[in-house]
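Trainee:
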Amino acid sequence: MIVSPADTLAIIVGIETNKMRWPALNGPMGDARHFTEWLLERGVPARNITVLAAPLDENRTHCTALELSGVTVTEANADSIIHRFRIQLPKERSDLLLVHWGGHGLEWNRGERLLMFPESAEEKQDALNFTHLLGMLRKPKYRRHRLQQFIIDACAVRAKTDWQYLALCDDYLDVKSVGQEQQIYYAAGAGEAAMNSVAEAAGYFSKEVFRALCAPPGGMWPPDFRKIELHVNPRFEKLRDDGSTSQVPNRVYIKLRDREEELSFTADPAAPDGSARALGMLLLERPEFEELHDILLGVHPPSDIAALYRKATEGVDVSDPGSSDVHAMVDSLRRPTRADPLFEFLVRLAKSVRDRGAKCSLQAWLAGAAPRHGIDLAELEARIEDGQPTYLVVRVIPDGLGHGYEVRAWEYSKRGALERTMPEPLLNFDEIESEVGRLVTEYGTPAPQVEFLVRGEVIRTEEEKRNGLEPKNLIDAPFEEMMVSGDSTLGSMCRVVVRPLFKSRDDTRRRAAHDAAWSTLMGLKSYQESVIWWAENGSIDPSVLGHHVCVAFAWTTRPPAKVRWNLLRELFYAGTPIALWHRAGRTGGREPLRRLLEGQPLAELPATVRRRRANYRKYSLDDCEHEARDLVLLWDDPTRGPAPEIMRAPITVGGA
């Protein structure tokens, strides 16, 4: 398709001001000016360019310069923006409709993108639903704009409150096929912030896109997002490496074909045709989603629905649904490229529903929909019933001669217990890492929970001894940093536990006390700081624990290793579960636990730790300070585990 600059329409939006408590943006107006001047240089008539501006006072000179070039500059607000798209645009035609937007943004509800108006405020939380705008522009009355390109330099961080938006197109996935093609280039992926360069008063993303447009001899026309991406990607790799930003720009192409009432979502316009379901934009076609929606209206969700969601998504990169509403959970699970998490959640939900009519309706829907998405329902139900969870328990003890470690491993699931073969002795941590990695990768998805039971000190090499390295107990060894699969760490793949082995004494009394505390702890429905005994100095008397159900180590001054070990032993003898401690001493008091749980019950700490580590690992930020780094969970679960004569201590669940 030939794109004539003379027949190109451009809508350039630069919003720097807002009435929220968010910082003003010094950059969108400069970016708007650069893009507008580039369009003029390419031969786009000034009358074909609309600039919608909400500049900072110091940036109004950009508006003046654009007006002198003959471009129409209009104050950006909800009315002017909607009027341009809804009223004026259907009356026009173009070879190319090019939209550049710079300003604040959010990801909301079902993965929809919201773009903030200048008047968006705490008391008036309204915004432009960009996802709906795309749907509106695919409708028949916009058929004269067959090629539509969007460059969106805005954040996509998750909205924490409800937002109102203008209902431009509620049926944005149910449009008539009239031939438009949409190409969208986002500055940031879902959940990410799009950063500005303070020194250059420009968005990092807009700056790099602009450089790519100007790079070829004579410049690029029309914009080719594939070629632009070849320039942008390596630039952002460097920006992420130097800590300037963590955002990952991404592009999406949406095609409407003439004969099929179906959207095709892909990252490449040359990719084979495929449905939205197959390409992972949104699972479930609209009719089957609407049928499921109606069924869920009659479902009374169980009180532990959040736990069902977490079990179904363990080890899967999905968005936080933002609430315990079953519809929000289903919406969030329509986005992964794999259908397994969505159907596992629905199977678990069907098993927990008490109303017979609702249960039968949901099971009938599953039976019909599962085969269409490549899901073997019988196999999935069997896996849920029999195969989860799986625990890999690894006991690590020095061999007594200082030459290596005695390592034994057991697999535990509902099907029973099985000892796994491990070579002996393993001479160092590299060999332990290799063997544990071999066992974990055999499971595939979902990965097992890995529990290390340790006693004794890390064996030092002769060189380490000569260098004066102090003895270190195995409880302080960074097991969670083991590399087990490609560039994945054990702590980002699995819930990991490290706990000490102690000889039991008065086991009947200890077990009774432990059972009572554990039962209370697991029954908590929300985070309750009052039930935690905060160990904030180097000593604790277990006899004064009273109604507290666990201990959290929140040292402000880290005691010596021997003192810490003695505290662990005394708490074990008292039958007290231990919520957390940090091996490196960066506890920060009580704040890490508060920030990790954010109102969730203590029972959710293991899964929360794994997810936090996985997120930081995803963006290669393992070395950054965060609440889950160096966190050791000593979480004694008396309801399951291997025979006491084998392990000599209760089993634990948690993350290390």
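UniProt numbering applies: residue 1 is where the sequence shown begins, and numbers increase by one.
A virtual CB, placed ideally from N, CA and C, is assigned to each residue, including glycine.
From a predicted model like this one, the values you see are computed outputs, not experimental measurements.
(1) Can you give me the Cβ contacts of Thr576 inside the same chain, cut-off strictly under 7 angstroms, excluding the 5 residues immediately before and after it?
(2) Do Ala554 and Gly589 have their beta-carbon atoms positioned less than 8 angstroms apart in this structure?
(3) CB-CB under 7 angstroms to Arg113, same chain, minus the five flanking residues each way: which ones, in chain order?
(4) Does the Cβ-Cβ distance between Arg138 and Gln180 come in under 8 angstroms?
(5) Within a Cβ cutoff of 6 angstroms, which residues of the same chain sit near Tyr183, ignoring the five residues on either side of it in sequence?
(6) My understanding is that Glu451 touches Leu474, with C-beta atoms under 8 angstroms, so please give their C-beta distance in whole angstroms.
(7) Taking the alpha carbon of Val13 as the reference point, which residue from Val3, Ser4 and Gly30 has its own alpha carbon closest?
(8) Label Gly655 either buried or exposed according to how many other C-beta atoms from any shown protein chain fall within 10 Å of its C-beta, with 16 as the threshold for buried.
(9) Beta-carbon within less than 7 angstroms of Glu288's beta-carbon, same chain only, minus the 5 sequence neighbours each way: which residues are those?
(10) Name the residue from Ser526, Arg460 and Thr390 whose alpha carbon lies nearest to the alpha carbon of Val496.
(11) Kindly indicate which residue of Trp221, Ala193 and Ser244 has the alpha-carbon position closest to the one of Gly199.
(12) Measuring CB to CB, does Leu567 end up less than 8 angstroms from Ile540?
(13) Below 6 angstroms CB to CB, which residues in the same chain sit around Leu418 once its five sequence neighbours on both sides are set aside?
(14) Measure the alpha-carbon distance for Leu380 versus Tyr443 and round it to whole angstroms.
(15) Around the Cβ of Gln88, are there at least 16 other Cβ atoms within 10 angstroms (buried) or fewer (exposed)?
(16) Determine the burial state of Asp241: buried for a count of at least 16 other Cβ atoms within 10 Å of its Cβ, exposed for fewer.
(17) Do Gln247 and Met195 have their beta-carbon atoms positioned less than 8 angstroms apart in this structure?
(18) Determine whether the beta carbon atoms of Glu435 and Glu406 lie at a separation below 8 angstroms.
(19) Please report how far the alpha carbon of Arg613 lies from the alpha carbon of Gly491, in whole angstroms.
(20) With H, G and I counted as helix, E and B as strand and the rest as coil, what does DSSP make of Pro606?
(21) Using DSSP bridges, identify the partner residues of Gln183.
(22) Please report the residue range of the beta strand (DSSP E) in which Asn129 lies.
(23) Would you give the residue range spanned by the alpha helix (DSSP H) that Glu529 belongs to?
(24) Which runs of the beta strand (DSSP E), 3 residues or longer, sit entirely within the region 36 to 101?
(25) Would DSSP call Pro379 helix, strand or coil?
(26) By the three-class DSSP mapping on this structure, what secondary structure does Ser206 have?
(27) Look at the alpha carbon of Met281 and the alpha carbon of Glu604, and state the distance between them as a whole number of angstroms.
(28) Between which two residues does the alpha helix (DSSP H) containing Phe345 stretch?
(29) I need the boundaries of the beta strand (DSSP E) containing Gln449, first residue and last residue.
(30) Alpha carbon to alpha carbon, how far is Pro90 from Lys176? Give it in angstroms, no decimals.
(31) In this structure, how does DSSP classify Ala159 when only helix, strand and coil are distinguished?
(32) Mapping the DSSP letters down to three states, classify Val440 as helix, strand or coil.
(33) May I ask which residues mark the beginning and end of the beta strand (DSSP E) holding Cys550?
(34) Taking the C-alpha atoms as reference points, what is the distance between His327 and Leu362?
(35) What span of residues does the beta strand (DSSP E) with Gly14 cover, start to end?
(36) May I have the straight-line CA-CA distance separating Leu580 from Arg511, to the nearest angstrom?
Mentor: Quick look at the numbers:
(1) Ala517, Pro542, Leu545, Cys550 and Val551
(2) yes
(3) Gly105, Glu107, Phe130, Thr131 and Ala156
(4) yes
(5) In the sequence as presented, Tyr is not what sits at residue 183; that position holds Gln. Closer than 6 angstroms at Cβ, skipping near neighbours: Gln149, Phe225 and Tyr253.
(6) That belief does not hold up - the Cβ atoms of Glu451 and Leu474 are roughly 13 angstroms apart, past 8 angstroms.
(7) Gly30
(8) Reliability of the predicted coordinates at Gly655 is poor, the pLDDT of 35 falling under 50, and the value obtained from them is presented with this limitation in mind. Buried: at least 16 other Cβ atoms inside 10 Å.
(9) Ala369
(10) Thr390
(11) According to the sequence provided, residue 199 is Ala. The question's Gly does not apply to it. With distances taken between Cα atoms, Ala199 lies closest to Ser244.
(12) yes
(13) Glu411
(14) 15 angstroms
(15) exposed
(16) exposed
(17) yes
(18) no
(19) 7 angstroms
(20) helix
(21) Gln149 and Tyr253
(22) Asp126 to Asn129
(23) Looking at the DSSP string, Glu529 is not in any alpha helix (DSSP H), and its letter there is neither H nor E.
(24) 49 to 54 and 72 to 75
(25) Sequence inspection shows Glu at residue 379; the Pro mentioned does not correspond to that position. Reduced to three states, the DSSP call for Glu379 is helix.
(26) helix
(27) In this prediction, Met281 scores a pLDDT of 44, lower than 50, which makes its location untrustworthy; no coordinate-derived value is stated.
(28) Asp340 to Ser352
(29) Gln449 to Val454
(30) Annotation note: pLDDT 49 at Lys176 (below 50); position unreliable, no value reported.
(31) coil
(32) helix
(33) Cys550 to Phe553
(34) 14 angstroms
(35) Thr8 to Ile15
(36) 20 angstroms
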